[in-house]
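What follows is a set of notes on a single structure, which appears directly below.
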Amino acid sequence: MQIDKFSYDNRIVRDFAYATMIWGVVGMLVGLWVALLMVFPSWNLGGIPAGKETIGLSFGRLRPLHTNAVIFAFVGNGMFMGVYYSLQRLLKARMASDLLSRIHFWGWQLIIVAAAVTLPLGFTTGKEYAELELPIDIAITLIWVVFGVNMFWTILKRRERHLYVAVWFYIATLVTVAVLHIVNSFGFPASLFKSYSAYAGVQDALVQWWYGHNAVAFFLTTPYLGLMYYFMPKAANRPVYSYRLSIIHFWALIFLYIWAGPHHLLYTSLPNWAQSLGVVFSFTLIFPSWGGMINGLLTLRGAWDRVREDVILKFMVVAVTAYGMATFEGPMLSLKNVNAISHFTDWIIAHVHVGGLGWNGMLTFGILYWLFPRIFRTELHSNRLANMHFWVATLGILFYAVPMYWAGFKQSLMWKEFTDAGQLKYPFLETVTQLRGFYAMRAFGGTLYLIGSILGVYNLFQTAAKGSLLADEPASAPALERAYAAHGSEHWHRWIERKPVQFMVLTLIVVLVGGIVELIPTFLIRTNVPTLSSVKPYSPLELHGRDIYVREGCYTCHSQMIRPFRSETARYGEYSKAGEFVYDHPFQWGSKRTGPDLAREGAGNNRKSDSWHYNHFEDPQSLSAGSIMPSYAFLLDREMDTASVPARIRVMQRLGVPYPRGYDRQANADLMHQAEKLRASLASDGIQTPANREVIALIAYMQRLGTDIGKSTTAQNQ
Amino acid sequence: MSKIVSQYADQLSLIGIYPVIALILFMAVFAAVLVQVSMMERADLRELSKLPLDMNDDPETLNEQTH
Chain A
0 MQIDKFSYDN RIVRDFAYAT MIWGVVGMLV GLWVALLMVF PSWNLGGIPA
50 GKETIGLSFG RLRPLHTNAV IFAFVGNGMF MGVYYSLQRL LKARMASDLL
100 SRIHFWGWQL IIVAAAVTLP LGFTTGKEYA ELELPIDIAI TLIWVVFGVN
150 MFWTILKRRE RHLYVAVWFY IATLVTVAVL HIVNSFGFPA SLFKSYSAYA
200 GVQDALVQWW YGHNAVAFFL TTPYLGLMYY FMPKAANRPV YSYRLSIIHF
250 WALIFLYIWA GPHHLLYTSL PNWAQSLGVV FSFTLIFPSW GGMINGLLTL
300 RGAWDRVRED VILKFMVVAV TAYGMATFEG PMLSLKNVNA ISHFTDWIIA
350 HVHVGGLGWN GMLTFGILYW LFPRIFRTEL HSNRLANMHF WVATLGILFY
400 AVPMYWAGFK QSLMWKEFTD AGQLKYPFLE TVTQLRGFYA MRAFGGTLYL
450 IGSILGVYNL FQTAAKGSLL ADEPASAPAL ERAYAAHGSE HWHRWIERKP
500 VQFMVLTLIV VLVGGIVELI PTFLIRTNVP TLSSVKPYSP LELHGRDIYV
550 REGCYTCHSQ MIRPFRSETA RYGEYSKAGE FVYDHPFQWG SKRTGPDLAR
600 EGAGNNRKSD SWHYNHFEDP QSLSAGSIMP SYAFLLDREM DTASVPARIR
650 VMQRLGVPYP RGYDRQANAD LMHQAEKLRA SLASDGIQTP ANREVIALIA
700 YMQRLGTDIG KSTTAQNQ
Chain B
0 MSKIVSQYAD QLSLIGIYPV IALILFMAVF AAVLVQVSMM ERADLRELSK
50 LPLDMNDDPE TLNEQTH
């Protein structure tokens with residue numbers, strides 16, 4: 000038998016590990032800052048002029064920076080670190096191309112830097128977790144292809160015939176993320192950094208949450224399950240508890256996850272059948288998820304005594320437990336009666352952070368502590384510091400999650416409470432002011448977690464400094480023989496485990512089934528989105544205002560979706576209809592109500608005067624004492640970008656918005672005409688401002704919201 | 000093409016049955032995997048589950064290999 004001598008590339012593992020740690024701290028720091036802004040809104044730094052643009056440092060612009068940083072920079076780099084280490088060893092082969100590895104690494108870091116620059120500048124698509132604009136989306140696609148080619152090339156030249164379960168999860172991640180990213184990012188550009196989603200309203204919402212939920216599934220979960228299946232057995236030095244269970248876990252999980260997106264849209268204008276589909280599959284997800292968790296925890300059977308001493312196992316046990324908690328809670332939150340309480344509240348923030356801080360964060364650090372002594376050929380700098388990190392981080396998760404659960408319940412119950420006379424008991428603002436104590440506790444929990452992470456990063460960098468990188472780790476393995484002699488009656492799974500291309504195709508088919516069944520009817524069946532004749536396209540000024548609304552990330556705090564509950568129709572007006580959103584590229588339903596719903600902000604009793612909006616944007620607290628909304632005073636000075644209006648109208652026409660032919664040439668005249676009327680309205684209230692200011696456009700958009708379906712059916716009660 | 004599909008799809012009046020069909024589809028796949036997995040040989044499973052452990056990457060051993 001021929002024995003090949005080769006080496007593993009540890010340099011790429013080290014690079015991704017460093018990037019994980021650095022971006023992790025940066026992402027958490029931004030998260031802590033935005034958490035503090037909700038406690039101390041006066042700390043908001045507003046907008047800093049930067050040439051033609053403004054660097055926004057308000058919650059709306061920084062929150063996407065936080066989510067993108069922790070998901071794609073921290074967890075993304077952590078995933079690549081683990082994949083590059085484990086893949087080489089599971090396949091007994093060096094990565095196929097060092098060059099592709101380096102292109103992947105530097106390309107990914109450049110994408111992160113591009114996100115860190117463009118998001119505060121307000122270049123955003125306005126779709127959660129997919130905010131990055133078209134040029135960056137294209138770069139992501141290219142770099143993902145580089146990663147995929149390198150990974151598959153390595154698989155093809157492997158020396159181990161059978162693909163271990165971890166590799167299946169990596170393959171599922173590779174193909175599904177590619178599909179999700181391409182489908183959801185489909186849009187048309189009006190300029191280099193301004194594009195509009197190809198989908199509108201209900202359809203956009205369904206595609207976005209099909210993507211959004213599966214970003215959780217196939218970016219934060221499946222690759223990390225792969226890492227769990229590799230690194231937990233390594234850390235415990237015992238094989239995975241049940242390989243049978245891992246097979247069921249894999250296929251059931253990837254089949255089910257892809258259908259679950261609509262649970263983010265329960266009680267919205269999404270067709271009922273799609274909501275039911277989301278509920279059924281989300282609930283069923285508990286079975287494979289818990290199968291995976293149990294498989295992970297039982298891998299430690301007979302080694303539980305070591306958990307007391309081994310800090311790496313401690314991190315891993317908390318990670319898998321958090322996975323179990325989050326995947327129990329997720330299906331529960333998908334039940335309509337629970338969702339009616341939890342949606343739009345801080346409960347969801349608690350839920351995602353149990354997953355993010357617990358599952359992803361703790362597993363990442365567990366892997367880092369396991370890896371560094373091995374690739375740097377030394378012992379961990381300080382076990383004591385690592386233990387301290389563990390306890391501080393665990394406490395941090397508790398201090399983060401518990402107040403947020405409490406806040407979520409409180410918030411929801413306050414929204415829904417009526418007096419004996421049948422009036423809503425609490426004005427919206429009071430439901431915000433009563434939560435600030437919880438937000439302070441959340442910030443404390445986040446601080447603890449960040450301190451733990453900084454301790455960990457220090458400890459790991461000290462470890463690296465103490466040792467020296469084993470850049471090319473020597474290895475040897477028998478060459479893979481071309482002919483394969485199957486023994487006995489081989490079952491189909493054993494067959495497919497050694498056929499990577501077929502495995503990938505089958506995985507793709509499995510994940511596509513759910514996507515196709517869910518998306519195609521929503522696009523093709525007209526009755527899914529009944530049109531309303533009274534719904535007209537936005538005027539150019541309103542469209543411009545809407546673009547500013549998207550740019551400032553208003554959707555991160557305000558929803559535009561009134562659910563058919565008495566407590567919501569009483570507060571906000573008639574419940575939202577699918578046909579109201581047919582010109583909304585992108586949809587702006589939001590997922591959180593830190594501020595009130597704005598779907599009917601311009602209608603009925605919700606309607607305020609133009610001057611109220613002007614003063615509110617300048618200084619929210621002057622009109623709403625105790626509000627935590629940041630000031631948007633810079634919009635009072637910024638001039639509208641009228642030069643781009645014709646291009647924006649043309650893109651809208653291309654997307655099917657029925658502006659008259661040639662309207663792009665007339666749009667700016669109409670825009671200025673409406674702006675002039677608004678300026679005069681403000682002047683009559685004693686506010687002198689030029690008509691070409693951005694705040695004018697934003698007010699026009701606010702006043703348009705909810706007016707389409709007729710004033711007779713709008714809000715009865717504030 | 001999309002117009003043709005759209006015309007036919009638009010006539011789907013029983014769209015509400017989708018979740019049930021989807022669930023049946025899943026249960027069928029799940030049952031098939033379950034049956035197949037239960038028929039796998041224990042020795043094969045043991046061998047496969049040990050794949051990650053099939054190497055020694057302790058820091059001390061690595062030191063010996065490279066010095």
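Those protein sequence lines, which keep their order, are chains A and B.
Going by numbering that gives the first Met the number 0, the first sequence runs without a break in its numbering and finishes at 717.
Going by numbering that gives the first Met the number 0, the second sequence runs without a break in its numbering and finishes at 66.
Beta carbons: idealized from backbone N, C-alpha and C, even for Gly.
Fair warning: this is a prediction, and the values are worked out from it, not measured in the lab.
Other residues of its chain near residue i: CB distance less than 6 Å, five sequence neighbours each side excluded
i: residue 214 of chain A; result: 128
i: residue 585 of chain A; result: 125, 126, 196 and 203
i: residue 513 of chain A; result: 257 and 258
i: residue 496 of chain A; result: 161 and 162
i: residue 597 of chain A; result: 557, 559 and 704
i: residue 4 of chain A; result: 475
i: residue 593 of chain A; result: 556
i: residue 717 of chain A; result: Because the pLDDT of residue 717 of chain A is 36, which lies under 50, any placement of that residue in the model is unreliable, and the question is left without a value.
i: residue 186 of chain A; result: 194, 195, 196 and 197
i: residue 544 of chain A; result: 696, 697, 699 and 700
i: residue 394 of chain A; result: 447
Same chain, Cβ closer than 8 Å to residue i, neighbours up to 5 away in sequence not counted
i: residue 664 of chain A; result: 645
i: residue 17 of chain B; result: none
i: residue 14 of chain A; result: 104
i: residue 246 of chain A; result: 164 and 492
i: residue 29 of chain A; result: 61, 64, 65 and 68
i: residue 6 of chain A; result: 93, 471, 472, 473 and 474
Where residue i falls, given that 16 or more other Cβ within 10 Å makes a residue buried
i: residue 50 of chain B; result: buried
i: residue 653 of chain A; result: exposed
i: residue 689 of chain A; result: exposed
i: residue 548 of chain A; result: buried
i: residue 66 of chain B; result: With a pLDDT of only 44 at residue 66 of chain B, under 50, the local geometry of the prediction cannot be trusted, and no value is derived from it.
i: residue 494 of chain A; result: exposed
i: residue 42 of chain A; result: exposed
i: residue 411 of chain A; result: buried
i: residue 271 of chain A; result: exposed
i: residue 34 of chain B; result: exposed
i: residue 374 of chain A; result: buried
i: residue 217 of chain A; result: buried
i: residue 55 of chain A; result: buried
i: residue 39 of chain A; result: exposed
Contact check, residue i vs residue j, beta carbons under 8 Å
i: residue 118 of chain A; j: residue 235 of chain A; result: no
i: residue 292 of chain A; j: residue 323 of chain A; result: yes
i: residue 443 of chain A; j: residue 595 of chain A; result: no
i: residue 407 of chain A; j: residue 346 of chain A; result: yes
i: residue 692 of chain A; j: residue 637 of chain A; result: yes
Supposed contact pair residue j and residue i - C-beta distance, whole angstroms, cut 8 Å
i: residue 656 of chain A; j: residue 189 of chain A; result: 13 Å between Cβ atoms; not a contact.
i: residue 243 of chain A; j: residue 24 of chain B; result: That pair is no contact at about 22 Å.
i: residue 89 of chain A; j: residue 166 of chain A; result: 6 Å
i: residue 385 of chain A; j: residue 368 of chain A; result: 6 Å
i: residue 614 of chain A; j: residue 623 of chain A; result: Rounded, the Cβ-Cβ distance is 10 Å, inconsistent with contact.
i: residue 336 of chain A; j: residue 262 of chain A; result: With a Cβ gap of about 13 Å, residue 336 of chain A and residue 262 of chain A do not count as contacting.
i: residue 333 of chain A; j: residue 282 of chain A; result: 6 Å
i: residue 226 of chain A; j: residue 81 of chain A; result: 4 Å
i: residue 626 of chain A; j: residue 431 of chain A; result: 7 Å
i: residue 438 of chain A; j: residue 78 of chain A; result: Contact flag wrong, Cβ pair sits at about 30 Å.
i: residue 452 of chain A; j: residue 23 of chain A; result: 6 Å
Beta-carbon contacts of residue i that lie in its chain and below 7 Å, excluding the five residues immediately before and after
i: residue 612 of chain A; result: 698 and 701
i: residue 209 of chain A; result: 260, 514, 517 and 518
i: residue 601 of chain A; result: 701, 702, 703, 704, 705 and 706
i: residue 708 of chain A; result: 531, 533, 573, 576 and 579
i: residue 675 of chain A; result: 690
Next on the checklist: Could you tell me which whole alpha helix (DSSP H) segments of length 4 or greater appear in the segment 526-572 of chain A?
Outcome noted: 539-550 and 565-571
What runs of the alpha helix (DSSP H), each 4 residues or longer, lie entirely inside the segment 189-223 of chain A? 200-214
Note down, one range per segment and in chain order, each alpha helix (DSSP H) of at least 4 residues found wholly within the segment 71-98 of chain A. The qualifying runs are 75-90.
Checklist entry - Going along the chain, which unbroken runs of the alpha helix (DSSP H) with 4 or more residues stay wholly within the segment 300-352 of chain A? => result 303-308, 310-332, 335-341 and 345-352
**Study point:** beta strand (DSSP E) segments (min. 3 residues) lying fully within the segment 406-461 of chain A
**Key:** none
### Task
Could you name each continuous alpha helix (DSSP H) segment of 4 residues or more that falls completely within the segment 361-415 of chain A, going from the start of the chain to the end?
361-374 and 382-415
Selection of the segment 16-33 of chain B by Cβ proximity to chain C, strictly under 7 Å
Note that chain C does not occur in the displayed structure, where the protein chains are A and B.
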